[in-house]
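One structure below.
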Amino acid sequence: MGFKLGKKPYIRNIREGINLNILRKPLKNGVMGEAVDGNTIIVNDKIPTNSKMYKRVVNHEAKHAEEMKSGKIAYGDDWVRENNKTYPRRNGEIKYNGKWYPEGDKNLPWEKRAIKAEKNGI
């Protein structure tokens with residue numbers, strides 16, 4: 134996979150029947166990737182495309198995208214919704230079961246599933 138994506142989206146079949154737009158963009162310090170919606174993810178442009186980290190980030194964000202597409206999860210500027218339950222979101226944190234966690238925290242159930250997908254794929 135040693136190729137340059139440039140500014141155009143790259144469409145990759147992550148799993149049979151799932152096509153995903155993978156964009157490469159600069160992201161905030163420490164952010165490796167973002168799921169935009171059920172069809173598009175962003176991978177930090179500093180991660181080499183032929184690296185294990187790139188594959189992990191794609192698998193992680195693809196899981197979020199798949200769940201967004203199915204309606205299992207949704208994100209807004211000030212909320213996260215999972216299975217029709219809405220959790221407040223502010224200043225980079227999400228209030229889950231009465232406790233505030235940093236976004237991306239491994240204790241959040243949607244992150245647990247995405248972390249599992251890093252190695253196994255979606």
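This note's numbering applies: residue 134 is where the sequence shown begins, and numbers increase by one. We put the beta carbon where it would ideally sit given N, CA and C, even for glycine. Predicted, not measured: the structure shown is a model, and the values here were computed from it.
Item	Value
Beta-carbon proximity of Met201 to Gly171, cut-off 8 Å	yes
Those residues which DSSP pairs with Val176 across a bridge	Arg157, Gly166
Within 8 Å, strictly: CB atoms of Ala195 and Leu153	yes
Which residues DSSP lists as bridging Tyr208, in chain order	Val213
C-beta atoms of Arg189 and Glu236 nearer than 8 Å	no
Distance CB(Lys158)-CB(Asp178) smaller than 8 Å	yes
Lys239 in three-state terms, based on DSSP	coil
Alpha carbon of Tyr229 to alpha carbon of Val213, nearest angstrom	9 Å
DSSP-derived helix/strand/coil call for Asn253	helix
Whole-Å CB distance - Ala198 paired with Ile174, under 8 Å assumed	5 Å
N- and C-terminal bounds of the beta strand (DSSP E) containing Thr219	218 to 223
Whether Ile155 touches Met165 by CB criterion (8 Å)	no
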